[in-house]
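Protein chains: 2
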Amino acid sequence: MAATIKDIKDMTGLSLATISKYLNGGNLLPENREKIEKAIEELHYEVNEMARGLVTSQSKVIGVVVFNIANVFTCTLLRFLGERFREAGYASMICDSQNDEQVEADNIRFLMGKKVDGLIVIPVGRTPEFLEPALRADIPIVLLDRSLKGSGFDCVMVDNRTASYQAVEMLCSYGHRRIAIIGSESEFTGRERLEGCLQLLKKEKIDIPPEYLKLGLHSIEHGYRSMQELLQLEVPPTAVFMGNFEIILGAVMALNESAFQCPADISLIGFDDLIISNLSNPRLTLVVQPLQDLADRAADLLLRRLEEGRGAPRAEDGQQQVMENEELILPALIVEGDSIKRCSE
Amino acid sequence: MAATIKDIKDMTGLSLATISKYLNGGNLLPENREKIEKAIEELHYEVNEMARGLVTSQSKVIGVVVFNIANVFTCTLLRFLGERFREAGYASMICDSQNDEQVEADNIRFLMGKKVDGLIVIPVGRTPEFLEPALRADIPIVLLDRSLKGSGFDCVMVDNRTASYQAVEMLCSYGHRRIAIIGSESEFTGRERLEGCLQLLKKEKIDIPPEYLKLGLHSIEHGYRSMQELLQLEVPPTAVFMGNFEIILGAVMALNESAFQCPADISLIGFDDLIISNLSNPRLTLVVQPLQDLADRAADLLLRRLEEGRGAPRAEDGQQQVMENEELILPALIVEGDSIKRCSE
DNA sequence: TACACAGAGCGAAACGTTTCGCGCTCGCAA
DNA sequence: TTGCGAGCGCGAAACGTTTCGCTCTGTGTA
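Residue numbers (our numbering), protein chains in the order written: chain B, 99 to 443; chain V, 99 to 443.
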């Protein structure tokens with residue numbers, strides 16, 4: 099149905115090779131160039147990427163496997179990644195692992211069948227076995243936001259540990275000692291952030307009683323319930339660290355429905371992905387993740403690997419070049435608002 | 099690098115045709131079947147979908163073009179769509195139009211080059227020109243959540259008009275007459291919802307003063323600012339209709355920061371996509387959109403079209419079968435909470 | 001005038017599958 | 001014993017590109 103290069107051949111009288119040359123930016127006589135352009139216009143010709151891919155063995159598709167697509171963090175990254183890849187001539191094929199390692203493994207296999215040229219992965223679990231089919235296919239892989247055991251992978255992530263360390267440090271510097279944490283132990287970034295917090299608390303010799311440690315999912319629900327419970331304690335905390343965007347959302351809702359005021363009665367700091375900073379009143383003090391940067395760096399790294407792969411698979415001396423894996427750890431930024439008050443107790 | 103059918107041929111001594119038959123579920127001697135399975139296992143063979151696609155002229159990829167990927171509504175739909183398509187053996191290739199009609203048109207062209215088998219589109223604008231390349235390629239298209247001028251397209255959407263009509267009707271039935279609307283005129287669903295509201299207000303002979311009509315984007319920001327402004331009016335409304343999830347989020351934040359109480363001082367009803375219903379206190383009365391249903395119906399419709407296309411392109415009598423386009427309008431559900439109070443004024 | 005060389009076009013093979021139509025074998029019935 | 005048909009397997013063509021190496025033309029140089 100659709101026009102092919104052959105139709106253009108018939109229309110212009112030129113050979114397939116010449117037309118292909120045109121499509122790939124070669125030199126032709128202006129006269130022939132015009133003929134081809136006219137034919138393309140008239141026939142609405144579009145290159146069949148499947149045929150092209152078959153012979154070049156490049157699909158010009160990048161697989162993106164995310165731990166969970168239905169949240170703001172992921173979607174925002176997807177937007178930035180998609181833009182970047184498109185500019186470079188690649189499509190992205192997105193697969194949602196739904197927080198399930200089994201699904202994740204299926205996704206990788208699936209994408210291998212589709213012959214993707216490279217892979218961006220925000221992994222669900224902590225071990226890298228599921229990537230085996232991709233390693234075997236020898237395509238570049240960049241991990242995003244979370245790393246995997248054993249390393250050896252290219253990876254772009256946020257320095258969660260330092261950022262949460264500093265966040266809690268800030269609470270302490272305002273005199274707080276009764277500090278609660280709403281976070282997650284079941285997600286990679288949650289664990290990192292938790293460790294950062296605990297590390298500082300340890301250094302400051304502050305004990306955190308179990309009822310101040312609210313671990314669950316990175317969800318609105320967990321944030322909401324946890325904050326409710328914290329406020330109902332006999333001795334509620336004077337400050338709360340909130341582990342991600344959804345938790346903030348839930349926690350702030352719970353707080354607003356209570357009699358407590360921020361920052362008068364309780365101080366807040368949280369890990370954010372987005373715009374909430376502009377909104378709430380008082381403005382929240384936030385750890386802001388560099389989402390655009392995160393996505394851009396990951397995309398650039400992958401594109402560079404693809405370039406390298408095509409360019410020189412072997413070093414000049416004939417020896418196999420062993421590539422160093424690159425691990426980029428981006429700092430998060432603490433944006434001060436008015437949600438932390440000096441603690442007098 | 100990767101194993102091909104040819105390697106299996108060499109390993110088993112069988113012919114390409116036989117192996118292909120195996121891959122496509124044909125009958126073979128158990129003995130040969132075993133040989134092939136063993137070879138596949140050992141060589142880690144995976145079908146090269148590009149080669150397959152070239153000959154079957156099916157890419158087994160569905161293009162999904164969304165008006166804006168970075169929001170909860172879209173992401174949730176994407177999750178459901180993706181699941182459905184995967185089950186049916188299709189991958190989805192997602193393109194974000196970023197609310198820009200130019201980008202949207204590019205997306206369609208791009209996907210045509212990728213030879214997608216079908217298209218799900220949540221369109222940005224109101225006119226269908228941008229779909230022309232897809233129409234020319236004669237692949238099935240299903241519009242989701244928003245329709246286009248001139249129709250003739252398959253389409254699955256929510257009955258926004260009736261739902262918002264009923265929502266405001268409910269406010270009225272509680273005695274409210276000073277009703278404000280926070281919504282959008284720049285988005286298709288926003289317009290539909292607005293019309294539903296206005297229709298009921300007209301029927302009830304209720305005037306809506308301009309300062310009660312807050313039109314902007316479907317964003318947290320717009321919700322937040324609008325609610326702030328409403329509450330600062332000399333004569334604030336006694337009830338507010340909120341046009342979507344993000345608007346609710348912002349509006350509720352603003353409300354919680356104010357001295358106003360819901361439902362004592364102000365009643366609320368809003369269009370939701372998600373879980374907020376379970377959380378806020380008092381529980382919001384909500385118009386809940388059937389997201390799963392929306393996605394499933396759209397996916398099923400598209401898959402059916404793909405089936406039809408392959409099965410019988412022509413009717414038995416040899417005449418071209420003109421397919422009726424299908425327009426599914428799903429009802430939204432009003433879930434009662436405690437956010438509406440009888441109005442005594 | 002002869003020669004070399006650059007630039008442009010061409011034919012054919014290759015990429016990894018599917019599919020069509022033919023031929024072989026085997027078992028069963030007459 | 002012969003004949004027949006079902007069930008498997010096979011060879012070859014086809015899908016729409018790219019690419020390699022060849023030929024041809026025309027220009028500039030010795």
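Quick reminder that beta carbons are idealized off the backbone N, C-alpha and C, glycines included. Computed from a predicted structure; not experimentally measured.
- Interface annotation, residue 196/V: in contact with chain B, CB-CB separation under 9 Å.
- Beta-bridge partners assigned by DSSP to residue 278/V: 338/V.
- When rounded, the separation of the alpha-carbon atoms in residue 438/V and residue 264/V is 14 Å.
- Here residue 195/V is near residue 222/V, since their CB atoms are less than 9 Å apart.
- For the segment 173-204 of chain B, residues whose beta-carbon sits nearer than 7 Å to a beta-carbon of chain V comprise 173, 174, 176, 177, 180, 189, 191, 192, 194.
- Shown here for residue 159/V: same chain residues with a beta carbon closer than 8 Å to its own, the five before and five after excluded, namely 188, 189, 190, 191, 212, 213, 214, 215 in chain order.
- Segment contact: the segment 355-367 of chain V against the segment 219-237 of chain V, fewer than three CB-CB distances shorter than 8 Å; contact not assigned.
- Secondary structure within the segment 157-241 of chain V: the beta strand (DSSP E) runs of 3 or more consecutive residues, fully enclosed, are 159-164, 189-194, 216-219 (chain order).
- Across the structure, residue 286/V and residue 302/V are spaced so that their CA atoms are roughly 25 Å apart.
- Taking a beta-carbon distance threshold of 9 Å, residue 122/B does not count as an interface residue toward chain V.
- Of all residues in the segment 309-333 of chain V, only 318, 319, 322 place a beta-carbon less than 8 Å from a beta-carbon of chain B.
- Sequence-distant partners of residue 357/V (beyond 5 residues in either direction) whose C-beta falls short of 6 Å from its own C-beta are missing from its chain.
- Residue 441/B sits in coil when the DSSP states are folded into three classes, being neither helix nor strand.
- Where residue 347/B is concerned, the enclosing alpha helix (DSSP H) starts and stops at 343-355.
- Taking 9 Å as the cut-off, the beta carbon of residue 327/V is found closer than this to the beta carbon of residue 309/V.
- At a cut-off of 9 Å between beta-carbon atoms, residue 231/B makes contact with chain V.
- For the segment 335-360 of chain B, the beta-carbon criterion of a distance under 7 Å to any beta-carbon of chain V is satisfied by 348, 351, 354, 355.
- The C-beta distance from residue 254/V to residue 205/V rounds to 20 Å, too long to meet the 8 Å contact threshold.
- Counting other Cβ atoms within 10 Å of its Cβ, residue 354/V reaches 16 or more and is therefore classed as buried.
- Interface with chain V (9 Å Cβ-Cβ cutoff): residue 139/B is excluded.
- Per the Cβ contact rule, the segment 170-186 of chain V is in contact with the segment 380-399 of chain V (3 or more Cβ pairs under 8 Å).
- Residue 153/V carries a helical assignment under DSSP once its states are collapsed to helix, strand and coil.
- In this chain, the beta strand (DSSP E) harbouring residue 253/B covers 252-256.
- The Cβ atoms of residue 350/V and residue 386/V do not sit closer than 9 Å to each other.
- Between residue 348/V and residue 281/V, the CB-CB gap reaches or exceeds 9 Å.
- Here residue 369/V carries a strand assignment [DSSP, helix/strand/coil].
- At least one CB of chain V lies nearer than 9 Å to the CB of residue 144/B.
- Membership of residue 383/V in the beta strand (DSSP E) is indicated by the continuous run 383-386.
- Pairing residue 337/V with residue 344/B, the inter-Cα distance amounts to about 28 Å.
- Taking 9 Å as the cut-off, the Cβ atoms of residue 233/B and residue 220/B do not count as close.
- With respect to residue 321/B, residue 352/B sits close: the two C-beta atoms are nearer than 9 Å.
- Under DSSP, residue 425/B shares a beta bridge with 253/B.
- Using a Cβ-Cβ cut-off of 9 Å, residue 159/B counts as an interface residue toward chain V, since at least one Cβ of chain V sits closer than that to its own.
- A buried status is given to residue 170/V, since no fewer than 16 other beta-carbon atoms sit within 10 Å of its beta-carbon.
- Between residue 186/V and residue 401/V, the C-beta gap is smaller than 9 Å, which places the two residues in contact.
- DSSP, read as helix, strand or coil, puts residue 266/B in helix.
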